[in-house]
C-alpha cells in the first residue's frame, strides 16, 4: 500500500489578494507582478523545484475600485498557465473557470489544449460565479439565482467530461505506411440535450496522458458540497481548526460515498497562511505587524463583496450591523449569511464585524520552521486535510517554507522526496479515467456469443 503523503499547492497572487492590503509594497514584488509572465514563471519554477504538486491561478470576471490589488489587473488563467507549461515539466497547472458564463464546448477545448501542451498537468477549478455583477459583463440583466447556478454547474461539468470522451485513445493510428491517419469508429458524438445546454460534439482534440484534466471545486454551502461530492477529484476549502477540517472531510466523503463514489479518491486542499521566523515569539510579532498594518477602510469595502459589493461605508460604524435584507442571495450567499449570523449572535456593530474579520485572519501556522512543520503534520495525521495551498507573493517568505519547513516534513515522511509522476493525476494519486466508449467496447467483446435458440 502506497504511503499517504501531503500534497502541495502554490497560489500565485502577484500583488496580493483579499486582506493583503500592503503586500504589493514589498521591494521583492514588482508593481506589475500580476501581469508579468516572468514573475509567474519564476514563482512556478520555485514551487516546482520544491516539489509542489500544482500552481493555482484564481480568477473572477467582475471588479470594482475596491477589489483587491491583484484582482484589478491580472492575466487570464489558461493563457497564463499555457505560458508556464512550456517553462516547467512536472508541476500541475490549475485555473479557475466559471460554469456560469462559459459554454461547455469552449471550456472543454481550452482545458484539453492546456492538458496536451503540458503533457497531462492541467486542472480545472470549477466555480459557479459568486460576483453578481458579472451578469452585466455578459449581457444579462441579473445574475443566476443560487439553485440555477449550481444546477447549471453540475450539467456543465458533465457535458465537458462527455466531450473529453470524444476520442478513444487509439483513435489516431497515424500509420503512414498504410495511409491511415484516423479510425472513425473511435470518434464519438455527444448529442447532449439538457436543461441548460445542448451540445452535439465531438470535441476536436485527443486525450492527454492523464486522460482528462483534474477537476477541482470550491464551495462551502450545501449546494457547493453536493457539487464537489458529485464531480470533484480535489476540493479547495478553508478551516480554522483541526476539528473543522475533520468535519469537512467527513461530510464531503460521506456525500461522495452516498453517490456511489470512492470517498478516498477525493483530495482535500485547504488554503493556509504560514508566517515563519527564527523563533515562535518573532513569528507572532511578525503576524501582529501584518495584522496591525491592514487597512480598516479596505477591509470595510471588501466586506461588501459577499453582498454584491454593497457599499457599507454609508452606514454608522458604531450602530448595530445594518439590516441588509436579501443582499447576497445572488452573490456569495453562504459568506453573506455567516456574516449576518455573526453580527446577530454577538450583537456586533458594523465596526466590530469589520474588526472581527481582520482579527479572524490569524493563522494556526505561525512560528519557527519546526513549529509550523509540527502543526502541519498534526493536521495531516489527524485527517484534517490531504494537502495545503500556500499563497505565494513575496519570494523570500515562500522560500522560508520551501527551504526550512519542507525538509522537516520530508524527514518525517509527511511529504514525498520527489515527483511520483509526470502528470497531475499521477502526483495526486488519482486514477486515469478510462474512456467510457473503450470500456463499453471491451465489455461487449467479453460477452459470450449467444447460441441461436431453436423453435420447434
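Residue numbers (the numbering used here): 66 to 521. Each residue gets a CB set at the ideal place from its N, CA and C atoms; glycine is no exception. Fair warning: this is a prediction, and the values are worked out from it, not measured in the lab.
Runs of alpha helix (DSSP H) lying entirely within the stretch 334 to 373, each at least 4 residues, in chain order | 345 to 357, 361 to 368
Every unbroken beta strand (DSSP E) inside the stretch 187 to 257 [3 residues or more] = 187 to 192
Of the residues 264, 465, 246, which one's Cα is nearest the Cα of residue 436?
-> 465
Residue 430 - DSSP class collapsed to helix/strand/coil = Per DSSP, reduced to three states, the secondary structure at residue 430 is strand.
How close, in whole Å, do the beta carbons of residue 183 and residue 150 come, if the pair is a contact with beta carbons under 8 Å?
-> About 4 Å separates the two Cβ atoms, so the contact holds.
With DSSP collapsed to three states, give me the class of residue 301.
-> In the structure shown, residue 301 adopts extended strand secondary structure according to DSSP, grouped into three states.
Whose C-alpha, out of 324, 338, 310, 328, is nearest the C-alpha of residue 318?
-> 328
Distance between residue 310 and residue 115 (C-alpha atoms, nearest Å) = Distance between the alpha carbons of residue 115 and residue 310 is about 25 Å.
Rank 386, 385, 403, 384 by C-alpha distance to the C-alpha of residue 393 and give the top, closest one.
-> The candidate whose alpha carbon is nearest that of residue 393 is 403.
Residue 218 versus 204, 261, 205, residue with shortest Cα-Cα distance = Of 204, 261, 205, the residue nearest in Cα terms is 261.
In this structure, does DSSP put residue 133 in helix, strand or coil?
-> coil
Proximity below 8 Å, CB of residue 493 to CB of residue 419 = no
Less than 8 Å separating the beta-carbons of residue 117 and residue 156?
-> In contact: residue 117 and residue 156 (Cβ atoms closer than 8 Å).
Does DSSP put residue 265 in a helix, a strand or coil?
-> coil
Euclidean distance between Cα positions of residue 397 and residue 202 = 18 Å
What are the boundary residues of the beta strand (DSSP E) that includes residue 287?
-> Run containing residue 287: none in the beta strand (DSSP E); it sits in the alpha helix (DSSP H), 287 to 296.
Determine the DSSP secondary structure at residue 467, reduced to helix, strand or coil.
-> helix
For residue 508, the three-state DSSP class (helix, strand or coil) | helix
Select from 134, 137, 135, 160 the residue whose C-alpha is nearest the C-alpha of residue 146.
-> 160
Beta-carbon separation (whole angstroms), residue 190 vs residue 301, contact threshold 8 Å | 7 Å
Nonlocal neighbours in the same chain, by C-beta distance under 6 Å from residue 344, ignoring five residues either side = 433
Figure out for me which residue from 387, 176, 80 has the closest Cα to the Cα of residue 268.
-> 176
Would you give the residue range spanned by the alpha helix (DSSP H) that residue 455 belongs to?
-> No alpha helix (DSSP H) holds residue 455; the beta strand (DSSP E) holding it covers 452 to 457.
Give the DSSP-derived three-state secondary structure of residue 115 in the structure shown.
-> Looking at residue 115 - three-state DSSP - the assignment turns out to be coil, as it is neither helix nor strand.
Exposed or buried, which one is residue 263 when buried takes at least 16 other CB atoms within 10 Å?
-> exposed
What are the partner residues of residue 157, as DSSP defines its beta bridges?
-> 119
Based on the DSSP output, what are the partners of residue 282 in its beta bridges?
-> 191, 300
Can you tell me whether residue 245 is buried or exposed, with buried defined as 16 or more other CB within 10 angstroms of its CB?
-> The residue is exposed, with fewer than 16 neighbouring Cβ atoms inside 10 Å.
Boundaries of the alpha helix (DSSP H) in which residue 423 is found, first to last residue = Run containing residue 423: 415 to 424, per the alpha helix (DSSP H) assignment.
Residue interval of the beta strand (DSSP E) (run including residue 493) | Premise fails: residue 493 lies in the alpha helix (DSSP H), 489 to 493, not in any beta strand (DSSP E).
Assuming residue 270 and residue 280 make a contact with CB atoms under 8 Å, what is their CB distance in whole Å?
-> Not a contact, Cβ separation roughly 17 Å.
Helix, strand or coil: how does DSSP classify residue 384 here?
-> coil
Less than 8 Å between the CB atoms is what I'm expecting for residue 153 and residue 110, so what's the real figure, rounded?
-> 6 Å
Three-state secondary structure (DSSP) of residue 66 | Only weak support exists for where residue 66 lies, its pLDDT of 42 falling under 50; the value from the coordinates is given anyway. It is coil, neither helix nor strand.
To the nearest angstrom, report how far apart residue 522 and residue 289 are at their CA atoms.
-> This structure does not reach residue 522, given that the chain is present from 66 up to 521, and the question cannot be answered.
Should residue 504 go down as buried or exposed, given a rule of 16 or more other Cβ atoms within 10 Å for buried?
-> exposed
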